[in-house]
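Some notes on the structure that comes next.
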Amino acid sequence: MSIDLFYPENRNRAKRVTELVDDVSGMQNAIRDKTDQLDEADARIVPLLNDLMRKYGLRTVDDLIERVVAEMPPKQEQGIRKILDDLDKTSANIEKSFGAVTSITLFAAAGGVSAKVIQLMKSNAIYVSARLTMKAFTVALRGGANALEEAGELFKAASKASSTLSTSFETTTSLGKALRFVKTAGKVLTALGIVADVALSVIAAVEGAKQRDELRKQIEENFKRRVTVAFLTALASAAVSMNGNIESILLLESMKGKDPKVDKNLQEAIDLLTEPIASSIEEMWDLVSYENVAETWTNLDRNRGSWMDEDPSLKEVITEMETEEEIDFT
39 MSIDLFYPEN
49 RNRAKRVTEL
59 VDDVSGMQNA
69 IRDKTDQLDE
79 ADARIVPLLN
89 DLMRKYGLRT
99 VDDLIERVVA
109 EMPPKQEQGI
119 RKILDDLDKT
129 SANIEKSFGA
139 VTSITLFAAA
149 GGVSAKVIQL
159 MKSNAIYVSA
169 RLTMKAFTVA
179 LRGGANALEE
189 AGELFKAASK
199 ASSTLSTSFE
209 TTTSLGKALR
219 FVKTAGKVLT
229 ALGIVADVAL
239 SVIAAVEGAK
249 QRDELRKQIE
259 ENFKRRVTVA
269 FLTALASAAV
279 SMNGNIESIL
289 LLESMKGKDP
299 KVDKNLQEAI
309 DLLTEPIASS
319 IEEMWDLVSY
329 ENVAETWTNL
339 DRNRGSWMDE
349 DPSLKEVITE
359 METEEEIDFT
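Those letters in the sequence shown? Residues 39 to 368, by this note's numbering.
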């Protein structure tokens, strides 16, 4: 459609709407790709996890998780059990991923193992929250029968997991903001609409003040949607990064047992990869904030010469997002 032809008086507004929609659509596709990427990684992890369980005399993932969780302090043990119970009620199918992270605690280096186990399981809970939110978003994007209902259940499970994580483990202020995003993501994205899709041809059918007002409305809605989807994109990147380390560790562990000298080198490599899992996802989430993701897009807007005269106040948008009421599950 020719914007110059159909929007002679609202050319800048129409271009801004198109730009924002394209930005959101690009991130939506990226989240969907990352979700698929993690599902494919899960399939590769399963045989590695099965081999590992046999090595430690464990028959099922549940046996593996029980062995680790039972040794945790009561508060954290209760929290992890609640997350697992809620996860079991969803269609997410990421229990093996949870088991894979849990398995790493079996061969984490000696010395301060208790603290490391707690940190690893905390990262595991963060990872689950991110995966559930990604799954919910992707299910809603793809549509189909009962898609929104299924997405709603997954968003709810993500919110519950992050709430349990907040009360069962110590969290930084920055991490707390990221967890709050997970708690409210379903509500915010549902209110804004999951899919950024504006029928400019329909808006073109009206003229004058009505056309201007509709374009202004679309600018506001898609600006807010862009900030929210950018936040989720950042969390998805953290999940993908952590998953790569998990797969590498399990692969190295599967190679042990043939030569003591080689085993020593493999264990050193495993220890190097284990340490970031115990801390990196939290550190990555610490870096995620509405301000940071919004700043990235603001800089891009400036660099490409975007028309931003009628964008909403970023400060007010962030305040609105951060004060969004959490969903009541009682």
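Quick reminder that beta carbons are idealized off the backbone N, C-alpha and C, glycines included.
Next item on the list: Can you give me the start and stop residues for the alpha helix (DSSP H) that Met65 sits inside?
Entry: Against the sequence shown, residue 65 aligns to sequence position 27. Element bounds for Met65: 49–93.
Next item on the list: Indicate the three-state DSSP secondary structure (helix, strand or coil) for Met159 in the structure shown.
Entry: Along the sequence shown, read from residue 1 onward, the residue named residue 159 stands at position 121. The answer is helix: DSSP assigns Met159 an H, G or I state.
Next item on the list: Answer yes or no: do Glu285 and Ala68 have a C-beta to C-beta separation smaller than 9 Å?
Entry: For the purposes of this step, residue 285 is identified with residue 247 of the sequence shown, where counting begins at 1. For the purposes of this step, residue 68 is identified with residue 30 of the sequence shown, where counting begins at 1. No, Cβ-Cβ distance for Glu285 and Ala68 is not below 9 Å.
Next item on the list: Go ahead and pull the three-state DSSP assignment for Met110.
Entry: Sequence index remark: in the sequence shown, residue 110 carries index 72 (1-based). Of the three classes helix, strand and coil, the one that applies to Met110 here is coil, per DSSP.
Checklist line | Cα-Cα separation between Asn162 and Lys302, rounded to whole angstroms | finding: Working through the sequence shown from its first residue, we reach residue 162 at position 124. Working through the sequence shown from its first residue, we reach residue 302 at position 264. Roughly 26 Å between the two C-alpha positions.
Notebook entry, point to check: Is it true that the CB of Gly137 sits closer than 9 Å to the CB of Ile164?
Noted result: Here residue 164 refers to the residue found at position 126 of the sequence shown. Here residue 137 refers to the residue found at position 99 of the sequence shown. Taking 9 Å as the Cβ cut-off, Ile164 and Gly137 do not qualify as a contacting pair.
Checklist line | Buried/exposed call for Val55, threshold 16 Cβ in 10 Å | finding: Position 17 of the sequence shown holds residue 55. Val55 should be labelled buried.
Next item on the list: Would you mind giving the Cβ-Cβ distance between Leu290 and Ile308, rounded to the nearest angstrom? I have them listed as a contact below 8 Å.
Entry: On the sequence shown, residue 290 is found 252 positions in, with the first residue counted as 1. On the sequence shown, residue 308 is found 270 positions in, with the first residue counted as 1. The Cβ separation is near 5 Å, so the contact holds.
Check: Using CA coordinates, which residue listed in Ser275, Lys120, Phe269, Thr171 is at the minimum distance from Thr205?
Finding: On the sequence shown, position 167 is the one that residue 205 refers to. Taking only the C-alpha atoms, the option nearest Thr205 is Lys120.
Item checked: Where Arg342 falls: helix, strand or coil (DSSP) -> What you label residue 342 is simply residue 304 of the sequence shown in a count that begins at 1. Three-state DSSP puts Arg342 in coil, outside helix and strand.
Notebook entry, point to check: Where does Val265 fall in DSSP's three states?
Noted result: Translated into the one-based positions of the sequence shown, residue 265 becomes position 227. Correct three-state label for Val265: helix.
Notebook entry, point to check: Within 10 angstroms of its Cβ, does Gly246 collect 16 or more other Cβ (buried), or is it exposed?
Noted result: The residue labelled residue 246 in the question sits at position 208 within the sequence shown. Under this definition Gly246 is an exposed residue.
Margin query: Please state the DSSP three-state secondary structure of Val139.
Written below: Residue numbering aside, residue 139 sits at position 101 when the sequence shown is read from its first letter. Secondary structure at Val139: helix, using DSSP grouped into helix, strand and coil.
Next item on the list: Please determine if the region 45–52 and the region 87–105 are in contact, where contact requires at least 3 C-beta pairs separated by less than 8 Å.
Entry: Under the three-pair Cβ rule at 8 Å, the region 45–52 does not count as touching the region 87–105.
Notebook entry, point to check: Smallest Cα separation from Val326: which of Asp74, Ala178, Ala277?
Noted result: Walking along the sequence shown from the start, residue 326 turns up at place 288. Out of Asp74, Ala178, Ala277, Ala277 has the C-alpha closest to the C-alpha of Val326.
Check: With a Cβ-Cβ cutoff of 9 Å, do Met159 and Thr73 count as a contact?
Finding: Numbered from its first residue, the sequence shown carries residue 159 at position 121. Numbered from its first residue, the sequence shown carries residue 73 at position 35. No, they are not a contact pair.
Notebook entry, point to check: Which of the three DSSP states, helix, strand or coil, is assigned to Asp124?
Noted result: Taking the first residue of the sequence shown as 1, we reach residue 124 at position 86. In the structure shown, Asp124 sits in a helix (DSSP, three-state: H, G or I).
Notebook entry, point to check: Are Leu270 and Phe175 close, meaning C-beta to C-beta below 9 Å?
Noted result: Locating residue 270 in the sequence shown gives position 232, counting from the first residue. Locating residue 175 in the sequence shown gives position 137, counting from the first residue. A contact, by the Cβ cut-off of 9 Å.
Next item on the list: Measure the beta-carbon distance from Leu96 to Arg105 and round it to whole angstroms, keeping in mind my assumption that it falls under 8 Å.
Entry: Residue 96 sits at position 58 when you count from the first residue of the sequence shown. Residue 105 sits at position 67 when you count from the first residue of the sequence shown. With 8 Å as the limit, Leu96 and Arg105 qualify as a contact, their Cβ atoms being about 7 Å apart.
Check: Can you give the Cα-Cα distance for Asn281 and Arg250, rounded to whole angstroms?
Finding: Taking the sequence shown and counting its residues from 1, the one referred to as residue 281 is at position 243. Taking the sequence shown and counting its residues from 1, the one referred to as residue 250 is at position 212. For Asn281 and Arg250, the gap between their C-alpha atoms comes out near 46 Å.
Notebook entry, point to check: When DSSP labels each residue in this structure, what does Pro46 get in the three-state scheme?
Noted result: Residue mapping note: residue 46 aligns to position 8 of the sequence shown, counting from 1. Pro46 falls in the coil class under three-state DSSP.
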